[in-house]
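Report on the structure given below.
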Amino acid sequence: MNPSNSLEQKLLIIKDKISASKTNSVIRNRIKRIDLKKTREGLLKDKTFLIKDNIAIKDEPLTCASSILESYISPYNATVIDKIEFEGGVIIGQTNCDEFAMGSSSEFSIYGSVRNPFDHNLVAGGSSGGSAAAIAEDLSDIALGSDTGGSVRQPAAFCGIYGLKPSYGRISRYGLVAHASSFDTIGIMSKSIVDVYNTFCTISGQDHKDSTSVDIKVPKNPSFEDSKFPKSVGVVSDKILKNINIEIAGKYRQLVDYLKSKKVKIIEIDLPYFNYCIPAYYVLTMAEASSNLSRFDGVRYGNRANTKDLSELYIETRSKGFSDEVKRRIMTGTYVLSSGYYDAYFSKALKVRRLIKNGYSELFNKCENLLIPTTPELPFKLKNNLEDPLKMYLSDMFTVPINLAGIASLNIPAGFSSDNLPIGLQLVSNSFKEETLFSLAHILGEEEIFEAN
Ligand code: GLN
6 MNPSNSLEQK
16 LLIIKDKISA
26 SKTNSVIRNR
36 IKRIDLKKTR
46 EGLLKDKTFL
56 IKDNIAIKDE
66 PLTCASSILE
76 SYISPYNATV
86 IDKIEFEGGV
96 IIGQTNCDEF
106 AMGSSSEFSI
116 YGSVRNPFDH
126 NLVAGGSSGG
136 SAAAIAEDLS
146 DIALGSDTGG
156 SVRQPAAFCG
166 IYGLKPSYGR
176 ISRYGLVAHA
186 SSFDTIGIMS
196 KSIVDVYNTF
206 CTISGQDHKD
216 STSVDIKVPK
226 NPSFEDSKFP
236 KSVGVVSDKI
246 LKNINIEIAG
256 KYRQLVDYLK
266 SKKVKIIEID
276 LPYFNYCIPA
286 YYVLTMAEAS
296 SNLSRFDGVR
306 YGNRANTKDL
316 SELYIETRSK
326 GFSDEVKRRI
336 MTGTYVLSSG
346 YYDAYFSKAL
356 KVRRLIKNGY
366 SELFNKCENL
376 LIPTTPELPF
386 KLKNNLEDPL
396 KMYLSDMFTV
406 PINLAGIASL
416 NIPAGFSSDN
426 LPIGLQLVSN
436 SFKEETLFSL
446 AHILGEEEIF
456 EAN
């Protein structure tokens with residue numbers, strides 16, 4: 006069989022699997038339109054990619070699962086798409102998510118909720134729940150998501166796969182629809198740590214189209230041969246573990262014991278300003294979102310209401326086009342930025358963010374990596390948190406600190422609960438030290454660490 010034939014076979018199998026899937030994870034596939042003659046040699050040769058529907062692919066819809074962009078077609082490629090195709094990766098379709106990547110359950114979507122592949126009555130996590138579920142179901146080798154406060158790592162944990170949130174500035178955001186620009190990152194999901202690594206090497210690097218991208222060398226020709234344990238790992242105290250799901254805490258302790266047995270120095274840490282992370286995160290991201298989403302006004306992009314005058318046009322378009330969660334964030338964000346409240350909320354949250362960032366920098370003076378639970382709970386029931394936004398926001402308590410600090414983190418699969426639901430844990434590194442995450446994850450992936458239930 007010649008190589009392009011084998012890709013063709015692979016795509017046919019995937020196409021059937023997508024049709025049979027019951028999770029509502031893939032909302033569009035372009036397999037029929039892929040020109041097999043145009044695929045290239047490279048690091049990602051013949052690897053399939055699914056892309057969250059908030060990353061631009063030329064001539065494809067880009068809706069962010071929102072009614073306001075339902076008819077919008079992207080006129081250009083995100084930088085990550087060009088880079089993937091240059092290295093031989095094949096873009097096969099787009100995945101469901103929370104509207105404008107705001108949510109933790111992939112239920113706020115015009116396409117309906119994503120379901121967890123391990124139990125269809127449970128959420129897949131969010132906001133990149135479609136990407137995570139699709140990987141868990143083997144609908145693609147690799148998927149891209151976006152992580153502003155946990156949206157790659159939390160669904161990766163809920164679906165039992167790897168999910169990388171890179172350091173801020175590592176991967177170009179050009180072509181990622183902005184949610185909260187100083188937090189947003191494009192993340193990578195896969196069942197294979199080698200595939201995550203190869204994708205990371207391909208899409209990292211400075212890009213003149215994203216002025217926040219940074220010129221720091223990324224490893225070429227990856228090899229895992231010299232993977233080694235970190236000298237020291239910071240771990241959370243029993244006080245934190247007592248307050249989370251007991252089975253997640255159990256897997257956490259098993260991993261700590263394993264690291265100890267390998268002579269890694271274990272250092273108990275306090276997560277810096279832990280109780281202030283969720284409030285600071287939501288003040289800052291809602292403020293940034295209120296400004297970023299002002300461009301969706303019915304004039305420049307997407308759907309437009311049919312009205313008599315301009316201000317009515319803005320009001321009608323935005324009232325109809327956004328759902329309640331997005332409106333809640335735009336209104337709260339506008340409020341914390343308004344002149345009477347700016348100092349009380351926005352500027353205070355910025356100061357808290359600085360303290361958090363400094364706190365993490367200090368931790369990395371004594372620990373090479375940190376180990377933190379990804380989620381406080383197992384995948385929850387569909388509709389469970391929909392009526393209670395605060396409950397939904399709290400499911401990000403262990404992921405948002407990483408985005409506030411701009412550092413890197415990788416969700417690794419850490420076995421299963423007694424009900425056979427996936428559990429995930431986060432390995433965390435300082436900015437631009439992702440290679441330490443890959444090394445450790447690779448070693449852990451080769452071992453039987455987590456006891457079966
Ligand atoms: N769940 C978080 C939020 O709703 C994170 C979102 C994300 O990372 N895109 O803000």
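In the working numbering, the protein residues as written are 6 to 458. Just so you know, even glycine gets a beta-carbon here, dropped at the ideal spot from N, CA and C.
Determine the contact status of residue i and residue j, defining contact as a CB-CB distance below 9 angstroms.
i, j, result
"S434", "F369", "yes"
"K170", "I407", "yes"
"V236", "I448", "Note that residue 236 corresponds to Lys in the displayed sequence, not to Val. No, Cβ-Cβ distance for K236 and I448 is not below 9 angstroms."
"M402", "I253", "no"
"G429", "A185", "no"
"L375", "V238", "yes"
"D212", "T153", "no"
"G135", "N82", "no"
"S295", "T322", "no"
"G168", "N416", "yes"
"S195", "D231", "no"
"Y398", "Y319", "no"
"S114", "A183", "no"
"T441", "G155", "no"
"N126", "L387", "yes"
"F327", "I73", "yes"
"S177", "G210", "yes"
Assuming residue i and residue j make a contact with CB atoms under 8 angstroms, what is their CB distance in whole Å?
i, j, result
"G98", "R45", "Not quite, the Cβ-Cβ distance comes to about 19 angstroms (not below 8 angstroms), so this is no contact."
"S109", "S422", "Not really, about 19 angstroms apart at Cβ, beyond 8 angstroms."
"E439", "F205", "7 angstroms"
"A141", "C164", "4 angstroms"
"K27", "D143", "Actually they are not in contact, since the Cβ atoms of K27 and D143 sit about 14 angstroms apart, beyond 8 angstroms."
"S151", "F437", "Between F437 and S151 the Cβ distance is about 19 angstroms, and since that is not below 8 angstroms, they are no contact."
Assign residue i to one of two classes, buried (16 or more other C-beta atoms within 10 Å of its C-beta) or exposed (fewer than that).
i, result
"M336", "exposed"
"V304", "exposed"
"Q14", "exposed"
"E112", "buried"
"E90", "buried"
"E104", "buried"
"P418", "buried"
"S132", "buried"
"S352", "exposed"
"K37", "exposed"
"L445", "buried"
"T217", "exposed"
"K52", "buried"
"K356", "exposed"
"K88", "buried"
"D424", "exposed"
"P277", "buried"
"D200", "buried"
Have a look at the options and flag the residue whose alpha-carbon is nearest the alpha-carbon of residue i.
i, options, result
"A4", "M107, F91, S30", "Only positions 6 to 458 of the chain appear in this structure, which leaves residue 4 out of reach."
"Y257", "K236, I245, C69", "I245"
"R309", "E75, I62, C69, I221", "E75"
"I361", "A285, K332, E321", "A285"
"V219", "G174, T207, V261", "G174"
"Y263", "E453, A25, D189", "E453"
"V85", "R35, T68, I191", "I191"
"V241", "I271, S266, G155, D215", "I271"
"I78", "D243, N101, Y306", "Y306"
"V269", "G255, K371, L315, K332", "K371"
"L391", "D329, A410, F443, T380", "D329"
"D1", "F385, Q431, F443", "Residue numbering for the chain in the displayed model covers 6 to 458; residue 1 lies beyond these limits and cannot be assessed."
Worksheet item: If you scan the stretch 395–437 from start to end, which runs of the beta strand (DSSP E) of 3 or more residues do you find wholly inside it?
Response: 413–421, 427–434
Fill in: Length-filtered (3 minimum) beta strand (DSSP E) runs lying within the stretch 326–393
374–378
Worksheet entry | Those runs of the alpha helix (DSSP H) which lie wholly inside the stretch 246–302 and span at least 4 residues | 251–266, 279–297
Fill in: Segments of 3+ residues assigned as beta strand (DSSP E) that fall wholly inside the stretch 157–238
167–170, 190–195
Practice prompt. Could you tell me which uninterrupted beta strand (DSSP E) segments, each at least 3 residues in length, are contained entirely in the stretch 103–152, listed from first to last along the chain?
Written response: 124–128, 147–152
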